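Just below is one structure, and these are the notes that go with it.
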Amino acid sequence: MEKHHEREHLALVIGAGVAGSEAAYQLAQHGIRVIVVDQNALPYGKIEDGLPMWHIGLRNRVEDEIDKKLRHPKIKFLPLFKIGKDMSLREIMENYKFDAIILAFGAWLDRPLPVPGIEKFKGTQLIYLNDLMKWFNHKHEPRYDGPQIEIPDNTVVIGGGLASLDAIKIVMMELVMKRLKEKYGVETDIFTLEKKGIAKFLEENNLRFEDLDLEGGSLVYRRSAREMPLKVAHSDDPADIERAKDVAEKLLNTYKEKFKFNFIPNAVPVDFEEKNGRLKALILEKTVSENGKLIYTGERFKRPANMVISAIGAVPVKLPEIPYKGDAIDTEGPTGSKVKGYENLFAVGNAVTGKGNIKMAKEHGRKAMEEWLVSKREPVAGVTRQFDERYLNDTDRRAERISDFILSKPIPTQEEVDHVWELVEKQRRSIGYTTYDEWIARHKPVRLEEILYKNKNHPKQ
Ligand SMILES: Cc1cc2nc3c(=O)[nH]c(=O)nc-3n(C[C@H](O)[C@H](O)[C@H](O)COP(=O)(O)OP(=O)(O)OC[C@H]3O[C@@H](n4cnc5c(N)ncnc54)[C@H](O)[C@@H]3O)c2cc1C
Numbered sequence: 057m058e059k060h061h062e063r064e065h066l067a068l069v070i071g072a073g074v075a076g077s078e079a080a081y082q083l084a085q086h087g088i089r090v091i092v093v094d095q096n097a098l099p100y101g102k103i104e105d106g107l108p109m110w111h112i113g114l115r116n117r118v119e120d121e122i123d124k125k126l127r128h129p130k131i132k133f134l135p136l137f138k139i140g141k142d143m144s145l146r147e148i149m150e151n152y153k154f155d156a157i158i159l160a161f162g163a164w165l166d167r168p169l170p171v172p173g174i175e176k177f178k179g180t181q182l183i184y185l186n187d188l189m190k191w192f193n194h195k196h197e198p199r200y201d202g203p204q205i206e207i208p209d210n211t212v213v214i215g216g217g218l219a220s221l222d223a224i225k226i227v228m229m230e231l232v233m234k235r236l237k238e239k240y241g242v243e244t245d246i247f248t249l250e251k252k253g254i255a256k257f258l259e260e261n262n263l264r265f266e267d268l269d270l271e272g273g274s275l276v277y278r279r280s281a282r283e284m285p286l287k288v289a290h291s292d293d294p295a296d297i298e299r300a301k302d303v304a305e306k307l308l309n310t311y312k313e314k315f316k317f318n319f320i321p322n323a324v325p326v327d328f329e330e331k332n333g334r335l336k337a338l339i340l341e342k343t344v345s346e347n348g349k350l351i352y353t354g355e356r357f358k359r360p361a362n363m364v365i366s367a368i369g370a371v372p373v374k375l376p377e378i379p380y381k382g383d384a385i386d387t388e389g390p391t392g393s394k395v396k397g398y399e400n401l402f403a404v405g406n407a408v409t410g411k412g413n414i415k416m417a418k419e420h421g422r423k424a425m426e427e428w429l430v431s432k433r434e435p436v437a438g439v440t441r442q443f444d445e446r447y448l449n450d451t452d453r454r455a456e457r458i459s460d461f462i463l464s465k466p467i468p469t470q471e472e473v474d475h476v477w478e479l480v481e482k483q484r485r486s487i488g489y490t491t492y493d494e495w496i497a498r499h500k501p502v503r504l505e506e507i508l509y510k511n512k513n514h515p516k517q
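The sequence shown runs 57 to 517 under my numbering.
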């Protein structure tokens, strides 16, 4: 008879961002072998393609941390492997045995802007946040082959979270840098402008914003500045909630003064105007919020819009094998990470609800794995689905077939663990992967600060 407790355990982590690398590291520290796959050449996820590149110190620190984790001898990182394209989750579950699978694939589906017909401008005059950030962070790289964006005057950003403030800052800085150069021959760079702010930079150059002949960008939010989700209250105490609202309002006003954008609160885009196939304006409807409830007033007004940037949030991709509750993966358990209806299938970080930040993603990756490691009993029965009528919907019926298959298999033996490990190694060799450090060095892009500030200190240091 097999002695399961003598074999090594094997886990698969999908996504090598903050949450996935932390989950993998926790497992590896407990002697579990972990395969971490990522669709991109580089790990890091939103640290590379979300967090604006002016956060140089934060980005470098978090990426170094991820590197340290993924270098762990029990972890095998497999880049350029996309679940749903190179292999489906179902194929993985059917053909390979893992003691746990951890979904850490973040939230890369932009929530569609709910304005009927506006999608026809997608990629030209309608830009979603994921594309904006990819472009902004990487456009200076010689190998850059992502979306090309030219930000025009009268760009409207829709949204209200911290990421929407990053978006409107980018709009304003790009507009101002271009206009300063064209009109006054004044050149600056994004790091200087972000640190000083547009207002101060203009003042130092004896200019006023009005001199630039720009209408500027506008941030449209459906509620008031006080209701923007910019600061989380410490508790449910009404005094704490009011304090968080004060901070949100102050933050918005500081940003507005520093970066000179227009703020349009209590408005929702409901329609648009076009001329000769070009987007010209957004039709906005005024709202009021009463006790947190959003009410559309029926009063509409027009706002010129040569470009719309939608920063209303991103959600996890919909995989046919997983149950969802609305846009979020349906999870349960103390850390909200166990995917409902499955044994040993977990979701961590942004992948669960689409929301979060670096600290939350890391903590979730760690706590979820601690929860599993504590509850884990030998022998672990692979990634199996518990039959439960409550969760039986169409997605579940498809998943049912997977679980039938998995349940009929024994847990992976040591030979099978070694076999999968070797298969991944072969796959890595086929893409020219040698060592983690060599691969990272080959794929890390040149940084804008390195180009601009060769041998000089840049303003962010
Ligand atoms: C504009 C912006 C600004 C931000 N600013 C801050 C900030 O200042 N401070 C802060 O704390 N947080 C900030 N955040 C949020 C923070 O970056 C994220 O919450 C965090 O990085 C998410 O980590 P994650 O590991 O959950 O997901 P991700 O970083 O998204 O990682 C998921 C990984 O999964 C991979 N993947 C996706 N699909 C597949 C697939 N099918 N197959 C294989 N791999 C896949 C992706 O390539 C990615 O590497 C910001 C986010 C944005 C967008």
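Backbone N, C-alpha and C define an ideal beta-carbon position, used for all residues, glycine too.
If you're wondering where the values come from, they're calculated on a predicted model, not measured in any experiment.
*asked:* Quick check on DSSP: helix, strand or coil for P379?
replied: P379: coil per DSSP, three-state reduction.
*Within 7 Å: the Cβ of H86 and any heavy atom of ligand 1?*
Taking 7 Å as the cut-off, the C-beta of H86 does not count as close to any heavy atom of ligand 1.
*Which residues does DSSP pair with I351 in a beta bridge?*
Listed as beta-bridge partners of I351 by DSSP are V344.
*Using the C-alpha atoms, what's the distance from S366 back to K520?*
The structure shown does not extend to residue 520, since the chain spans only 57 to 517, so no value can be given for it.
*Helix or strand or just coil, what does DSSP make of T211?*
Residue state, collapsed to three classes: strand.
*Looking at D383 and ligand 1, is the gap between the Cβ and the nearest heavy atom below 7 Å?*
Taken from the Cβ of D383, every heavy atom of ligand 1 lies 7 Å or farther away.
*asked:* Taking 7 Å as the cut-off, is the beta-carbon of V242 closer than that to any non-hydrogen atom of ligand 1?
replied: For V242, the CB stays at least 7 Å from every heavy atom of ligand 1.
_Nearest to A384 (by Cα), restricted to the options W110, L335, R63, F161_ = Answer by Cα proximity: F161.
_Beta bridge counterpart(s) of L182 as assigned by DSSP_ = Paired residues: K178, V364.
*Opposite D245 in the DSSP bridges: which residues?*
Note: D245 sits in no beta bridge, so no partner.
*asked:* Classify H290: buried if its beta carbon has 16 or more other beta carbons within 10 angstroms, exposed otherwise.
replied: By the neighbour-count rule (16 or more Cβ atoms within 10 Å), H290 is not buried but exposed.
*State the Cα-Cα distance for the pair V276 and L307, rounded to the nearest angstrom.*
The alpha-carbon atoms of V276 and L307 are separated by roughly 16 Å.
_Euclidean distance between Cα positions of M228 and N262_ = In a straight line, the C-alpha of M228 is about 19 Å away from that of N262.
*Identify every run of the beta strand (DSSP E) within the region 259-319, keeping only runs that are complete inside it and at least 3 residues long; order them along the chain.*
Runs found: 274-276.
*asked:* Considering only their Cβ atoms, is the gap separating L338 from V364 smaller than 8 Å?
replied: In this structure, L338 lies closer than 8 Å to V364 by Cβ.
*For E305, which residues of its own chain have a beta-carbon under 7 Å away from its beta-carbon, when the five flanking residues on both sides are left out?*
Excluding residues within five positions, the ones whose Cβ falls inside 7 Å are A281, R282.
*Under the rule that 16 or more other beta-carbon atoms within 10 Å means buried, what is K102, buried or exposed?*
With 16 or more other Cβ atoms within 10 Å, it is buried.
*Mind checking whether I224 and G173 have CB atoms under 8 Å apart?*
Judged by their CB atoms, I224 and G173 are not nearer to each other than the 8 Å cut-off.
*Along the beta strand (DSSP E) that carries I91, what are the first and last residues, could you check?*
Segment 89-93, the beta strand (DSSP E) holding I91.
*Between A79 and the rest of its own chain, which residues show a CB-CB distance below 7 Å, the 5 nearest in sequence each way excluded?*
Excluding positions up to five away in sequence, the list reads V69, I158, A160, V404, G421, A424, M425.
_Near ligand 1: Y492 beta-carbon under 7 Å from a heavy atom_ = No, Cβ of Y492 sits at least 7 Å from all heavy atoms of ligand 1.
*F402 to M284, Cα distance in whole Å?*
Pairing F402 with M284, the inter-Cα distance amounts to about 31 Å.
_Using only the alpha-carbon positions, how far apart do D327 and V171 sit?_
Going from the Cα of D327 to the Cα of V171 covers about 6 Å.
*Hey, which unbroken runs of the beta strand (DSSP E) at 3 residues or more fall wholly within the region 83-160?*
Counting whole runs of 3 or more residues, the region 83-160 contains the beta strand (DSSP E) stretches 89-93, 131-134, 156-159.
_Strictly by DSSP, which residues pair up with L508?_
For L508, which the question treats as bridged, DSSP gives no partner whatsoever.
*Label V430 either buried or exposed according to how many other C-beta atoms from any shown protein chain fall within 10 Å of its C-beta, with 16 as the threshold for buried.*
Classification for V430: exposed.
*Identify the continuous beta strand (DSSP E) that holds A403 and give its terminal residues.*
For A403, the uninterrupted beta strand (DSSP E) segment begins and ends at 401-403.
*Going by DSSP, name the residue or residues bridged to F328.*
Residue pairing of F328 in beta bridges, as defined by DSSP: L338.
*Compute the distance between the beta-carbons of V90 and A72, then report whether it is under 8 Å.*
A72 sits away from V90, with the two beta carbons spaced by 8 Å or more.
*Compute the minimum distance between the beta carbon of P172 and the heavy atoms of ligand 2, and state whether it is under 7 Å.*
Among the ligands present in this structure, namely ligand 1, ligand 2 is not found.
_Let me check you understand the geometry: is the CB of K138 closer than 7 Å to at least one non-hydrogen atom of ligand 1?_
Checking every heavy atom of ligand 1 against the Cβ of K138, one is found closer than 7 Å.
*Identity of the residues DSSP links to L66 by a beta bridge*: DSSP output for L66 lists R89 as bridge partner(s).
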